[in-house]
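Residue numbers (the numbering used here): 331 to 1474.
Even for Gly, the Cβ is constructed at its ideal location relative to N, Cα and C.
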Amino acid sequence: MVNNACVFEMLPPTGVNISLCGNFVDANSTDLILVKYTKIQVHTLKNSQLFFVQEMDVHAKILAACLFVPSGEQKSLLFLLSSKCQVAVLEYVNNAFVTLDTYKLYDVCFRMAESGLLLRYSTEHQLFSLRFGDNLLNLLTWERDRHFFTFSYRFIEMRVIDVTFLHSCHKPTIAYVYEDIQGCHMATLICDKAKGTVYESSHRLTCVEFNCTMMFPIPKPLNGLIVLGLESVVFSREDTTFSIMPECTFTPGLFCCFGVIEAGKMYVIGDTRGRIYSLSMWYLCEVSRPETLTYLGDGIMFVGSTVSDSMLVRVPALCGDTTSQFSVLESYPSLAPIVDLVQFSIDPIIDAPTYLACSGHGKDGSLRLIRGGIDNRESARMLIRGAVQAWFVHYASNQPQGALLIVSFVFGTKTYTIRNEQVEEVEISSIPKCERTRLAMNYHCNDGSRLILVTTDRVRMMDVCRDGELLSEWFSLERSHIDVAAFNANTGHILVCYGPYLCLLSCGNKELLLIMENTFPNDISCADISDFDGTSEEIGAVGQWLEDSVILFRPLSMQILATYSTQGVARSLQFCLMENAPRLFVSTSDRYVVALLLTDQQSGDYKVEKTFGEFSDYPTLKCVKIRDKTAAFACCSQPFILYQRKERLVTTRVLVGPTCCISTINTDAFPDSFLFCLKDRLSIISIVELSSVHVRKIALGETPVRLSHQVETRTFAVCTEKEVPSWATKVPNTVPTSISNWAKRQLVATPFPKHVVRAELQVHTGEEAKRENHFLVFDQDCCEALICYKMSPNEKCCSVLSCQLANDPNVYYIVGTALIIRSEREASVGRLMVFKVRRDLECSKGSYDFSMDLVHEKTINGAPYSMIEFNKKLLVAVNNVVLLFEWVLRNKKHSLQLECFCTCSVALIQLRQLSPSSVLGGDLMQSLFLFIYKPAESTLESRNIDYHTAWLNGIAAISPTVFLSADSQYNLFTAEITNETEKPDKISVQYDGFHMGQYINVFCERNMSFATNCEVVKGTCTLYATAEGSLGTICQLTPRYFTLFKTLEATIMTTYPNVGIFNHSTWRRAAQLNKWDTDASCSPNIVDGNVIARLLNLPTEQKSAILHQTVDLTNKVYAAASGFSFDYDSVEHIIENMFTTIMD
C-alpha cells in the first residue's frame, strides 16, 4: 500500500510572477504586493526603500491578481485567481490578511489557453473578466457583504490572445484580439450587468497586427488601445490604426510585458532581452528579463522576473529627470527556473552537501551554488598548529590601529602583532610564554584601556597604552592552578575558579581586588557571568564535574538563586541578550545545548525554552554580534550559530571546519570579522549575514540545460544553449556576452559524417535566430570556465553524464547530442561523445594544467534524452528505445559497442537505476516502465506499469518498489508495486496523488536540511527542484510517525481552518484534466509537511496545546496495540529538526 510519504518545502518559490502597487496596507501608503506563485508578500515603500510587512501562504497557485478599490472606499482590496479556477478577495486589516470571500468557478480541471490565464478589471463598472480556456470568458461582480455574481460568454473564435475593458463606455465594453489563418483581428463585446448577458458589438478591425502578444487600453483624452506585436507597437482608435515608429535604433526582442507609469500619458514596455522602452520606443534601460513592471513613483520601478533575479530600479527618465543615471536599488535573488540539479561536496572537511543548479534563461542564464549554512568569507589565514584558544585584543603601542593576537597552546602562550595586514610574532615581558592563557580581554576604565590576562597561574592587568606595562597581578596563595575564568567587561568583574573554589575579582584603575569567594561541593567545569545591558544586577552561573546541574547565583553576595538539573555534565555556559530577552545557554557532555530563558533576573527564575542536539561533540559557546544581531556561536567539529528568527530560536550551520574558539576582530583591515581557531590554522573570517541558506551565482549569459559533476577531477560540466540573433553581427556592440567566450580553451566539434546528413538539414536560416550549443567544463573550486567545446551547427546537447565504464580506471564525461532538422517531428540522428579531462600532472602538453580529449564518438539514431551508468555499462534512452552499450577495448582503443536494446511505444525522457538488474523508465505520457536486465542472455525486457495519462516531467525511485513521478498539472504521484498480475508483462501498482502547485523539473537524492533518523524516516530522502525556483524534500516515514504527523496535520488544520486563503483539502487534491472534482478530501497517504512546519511559528502556548493533543490521540492508537507511546519533548525535537525551512 502506498503510504507513509511526507512532502515539504525547504526553500519556497523565488520567482515573481505578479507584482502590484496600491494602498493595500493603509489608505495613505504605497505598497508593493509580490505574488510568488504559492505565496503573497507585502512590502511598503518609504524613502525610496522597500520594507517587508508580511507574508502569507495561499494554499493555491496564483496565476493572476489585481488590486481594486470598491465603490465608496479609499483602500485597495486584492483579487486573486488560482490555477484550480478559484477566486478570492483579500483585505489587510490589523496587520493580518482577511479573506472576505471565495468562490470556485468550475469543478472540472481543463487545459488552460496557450496565451495564458487572463484577469482584467473595469474600474468604471466594477466588473472582473476572467479567461481560462481559449474560448471561455467569465465575468464577475463583487460587493462587500455580498457574494459573487457571475455570468459567462463563449467565444466563437478558437484562439483568443488577449482581453481588456475599454474606457469611457456607457456599458462595460470588452475588446479582444484573436488569431486565425489570415492574421490577428480585434472585436468587441458589450456586457449587461443587470441581466448577466453578453452580446457582440459591430465594432471590428481586421488584420490589426501580425503576431499580437497583448494589448492595454488608453483612457481619456485618447480613448484607444495599444496593441503589442512581437516587435512592434500599434495604436488603435475607433476604425483606424497607427503604427508607432521608434525614436531610436534598437535591437529587437519579443515584447513580453508592459507597465503603467501615468495612466493615459506614459507607459513602458519590456522585451525578452530585458530591455525597457517607452511607448514611443525610446530605449530606457536594461534589466533582468521582466515578467511584470510595476511603477512605485519618483522614478522607482519594480521588475519582477520568473527566469532571473527581480530588481528594484530607479529610472530617472520616468519622472522627467534627464541628468541622473539609471541605478539598481536592490536585487532579489531567484533560483527560477531550476532545470537540472546535482549534489557534491566542495570541502571534505566540511560535512555539508552543496547543490549546483541550472537556473535562468538566455542572457540571465546562470549556475547557482546552494549550500545550507551561513555564508562566510575568509580574509586571511595564519598557519599556526596546535592552538587551543586565541583572542584578538587592542594593543595600541605606537600605532592607534595596532592589535595583539594572543594564542594559547597546551603548554604556553604566543603573542603576535597585527598592524594593517602584517602579522609578526613578538615577545611581551608581562605576558608569560610558559603559562597557558585562560582568558584575554580589553577593559576600559577611567584612566584608559587595560588588558586583562588570566593564565593558569595568576590574573594580570596591563596598561595597553604603555606597551603592556604590568599594573597589577593577583594569585591565590593557597591554590596553584586556575581551571576556569569568566569576565564582565562592563563591570570589570572576573570569575576565577580553582577546582571547587570560586573567586570574584574587581578591576580598579590600577589594581585587582578580591571582593568575594565561595566553595562549591564539586570541582567547577565551566562558569560565566552575565553582561546583558550594564544596568541590571549580575548573575553568575557555574557547572560542576561530578554533578549534573547548573547553579545560578549572585556574584557580589554569592547568594544561590536557582539550580537547573542537566542530563549530563555542563561543559560550557554563555549568557546572551537576544532581542531584549536574557538567556543562558548550557552545553552538556551528552552533546546537547539547552536554552534557558531568564524570566526574572532578580529572583533567578527561568524556564527551559528549547533543547538543541544531538551534536557530534559538545560545543563551546561564545556570545557574538553579527550585523548588529546578537547570537551564540557554538565551537565544535561542525560549528553552528544559535540566534532568534521570527520570535524563535534556530540553529544554522557555519560552513567552516572544526573550530576550537572564536574571537571578534574589528579593524580597518578586517572590519566586522572573527578570528577562528581551526585545526591547523587561524583564520580571519567575515560572516555576511545570518541566513540559513547561501546561494552563489555564476553568470553564464546563456541557457544551461544539463550538468554533471566529476569528483576525480574536481570539475563539473554544463551543457548550454546560446542564442545569437542574425542582427547581432550587423549592429555594433550588440553581440551577447557569455561564458563560452571567456573559457580558457576553445574547441570545436567535427561535423556529422556526410552520409548521415540529409537534404532536410538545409535550413533557411535567413533572419532567424541562430542557436549555438556548448559543452563547458568548470573548475569546482574557483568556478572558472576551463574548456568550451562548441557543437556543430544545428546540434543540440540533450544529456551529460560522468561515469567509469568496464575495467577502465579513467573517468569520462559522456555528452549526448541530437541533430535538429526542421522537417522532422523527432530527431533521427545523434551521437554520444566520450571526453576525458586531464588536470595537473596528467596534462602532457601546453601551458595549461588541464586538457580535454575526445576519446570516442558513437552515432545513434535519435536524441539521447537520458543516460545512466548501469553495471559499469552505459544505458541510454534514445527516442523510444533503450540501448545498453559496453565499453570494449579493441586495438588499444576503447569504444562503445551495443549489447542489447528494448523498444517502447512513447519517447522515454528519464532513466533511474533501481537495482543491479532493474531500471525505471518514464515516458512523456507518464507511463512507467520496468526494464529487467538478464546478463546471462544479454537482453533487456520491459514490463509496463499501470499509469494515469498525463505529461511527465520527472521520475525518481525511493526504493526498488516505490517510485515518484511529476506531471505537467503540478501533481506529484507515488507508485508502489503491490503484487504481480497474471500477465507477465504487467505489474500491479497502487497510485496516490498530491498536488504540488509547482512544476517539478528534477529529482535528486539526499536531503540538505536534516539527518535522517531510522526511527522516523525509511531509506533515503529525495530532493526536488521546480521551475518556480523552490526546493523541497520527499521522504518515507515509518508507520508510527506517519500516523503521528498525519494526526498533527489534521489537528493544525482543524484548530486554524482560516490559515491559507483556500481550502487545504482542495489545494492538495491531485488535479486531472477533464475530470470532475467531486472528491472532498486530499490524499490520505501523504503528509503535507508545510502545515507541520507552520506549527513552529505559533506561540508557545498554542504550539504546546496542539502537540499535547496530537500525542495523546496517537498514543491511544499505539499504546493499546503495541505498548509504544510518544514523548512530547522528543516529538517537538524531531519536528524542529525535520521541518525547519532553510530560508529566512
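Can you tell which of 1110, 530, 885 and 611 has its C-alpha closest to the C-alpha of residue 505? 530
Within the same chain, show all residues whose beta-carbon is closer than 8 Å to that of residue 846, passing over the 5 residues directly before and after it, in chain order. Cβ neighbours of residue 846 beyond the five flanking positions: 833, 834, 885, 886, 887 and 888.
Runs of alpha helix (DSSP H) lying entirely within the region 1422 to 1468, each at least 4 residues, in chain order: For secondary structure counted as the alpha helix (DSSP H) over 4 or more consecutive residues, the region 1422 to 1468 holds these complete runs in sequence order: 1430 to 1451 and 1458 to 1468.
Pick from 1348, 761 and 1352 that is closest to residue 1286, judged by C-alpha positions: 1352
Among 1006, 660, 430 and 1424, whose alpha-carbon lies nearest the alpha-carbon of residue 378? 660
Does DSSP put residue 943 in a helix, in a strand, or in coil? Coil, per DSSP.
Indicate the three-state DSSP secondary structure (helix, strand or coil) for residue 1378 in the structure shown. helix
Cβ separation of residue 798 and residue 765, assumed to be a contact under 8 Å, to the nearest whole Å: In fact, because the Cβ distance is near 15 Å, the residues do not count as touching under 8 Å.
So who's on the other strand from residue 1284, going by DSSP bridges? 1296
Output the distance between the C-alpha atoms of residue 336 and residue 1331, rounded to the nearest integer angstrom. 19 Å
For residue 851 and residue 973, the rounded distance between their alpha carbons: 34 Å
Just reading off the alpha helix (DSSP H) that residue 1394 is part of, what are its end residues? 1394 to 1398
Taking just the CA atoms, how far does residue 719 sit from residue 856? 15 Å
Cβ contact check for the region 931 to 950 and the region 889 to 905: 3 or more pairs under 8 Å: yes
Report the three-state DSSP secondary structure of residue 796 (helix, strand or coil). helix
If we call anything under 8 Å between Cβ atoms a contact, is residue 714 one with residue 733? no
Euclidean distance between Cα positions of residue 962 and residue 1373: If I take the Cα positions, the gap works out to 36 Å.
Residue 1338 to residue 1356 span [Cα, whole Å]: Only weak support exists for where residue 1338 lies, its pLDDT of 44 falling under 50; the value from the coordinates is given anyway. Computed Cα separation, rounded: 16 Å.
How is the beta strand (DSSP E) around residue 587 delimited, first residue to last? 585 to 592
In three-state DSSP terms, what is residue 646? helix
Among 1398, 1370 and 1371, which residue has its Cα nearest to the Cα of residue 1383? 1398
Given residue 532, which residues of its chain have a CB within under 6 Å of its CB, disregarding the five upstream and five downstream residues? none
Smallest Cα separation from residue 641: which of 784, 658, 626 and 1002? 658
Looking only at C-alpha atoms, which of 935, 1430 and 1371 sits nearest to residue 1457? 1371
Within its chain, find whatever has a CB closer than 7 Å to the CB of residue 987; leave out the 5 residues flanking it on each side and keep chain order. 679, 680, 1008 and 1009
Might you give, ordered along the chain, the residues of its own chain that have their beta carbon closer than 7 Å to the beta carbon of residue 1188, omitting 5 neighbours on each side? 1161, 1162 and 1226
I need the straight-line Cα distance from residue 500 to residue 449, nearest angstrom please. 21 Å
Roughly how many whole angstroms lie between the Cα atoms of residue 442 and residue 489? 12 Å
What's the gap between the Cα of residue 1096 and the Cα of residue 1152? Only weak support exists for where residue 1096 lies, its pLDDT of 35 falling under 50; the value from the coordinates is given anyway. Rounded to whole angstroms, residue 1096 to residue 1152 spans 14 Å at the Cα level.
If you drop the 5 nearest sequence neighbours on each side, which residues of the same chain put their C-beta closer than 6 Å to that of residue 1229? 1214, 1216 and 1268
Give a yes or no on whether the C-beta atoms belonging to residue 1166 and residue 1183 are separated by under 8 Å. yes
Assumed close pair residue 1273, residue 1262 - CB separation to whole angstroms, cut-off 8 Å: 7 Å
Indicate the three-state DSSP secondary structure (helix, strand or coil) for residue 1096 in the structure shown. Note on residue 1096: pLDDT 35, under 50, position unreliable in the model; no value is reported.
Helix or strand or just coil, what does DSSP make of residue 730? Because residue 730 sits at a pLDDT of 48, beneath the cut-off of 50, its placement in the model cannot be relied upon, and the following sentence gives the value as read from the coordinates. Coil.
When burial is assigned at 16 or more other CB atoms within 10 Å of the CB, is residue 404 buried or exposed? exposed
Count Cβ pairs between the region 824 to 843 and the region 778 to 792 that sit closer than 8 Å; are there 3 or more? yes
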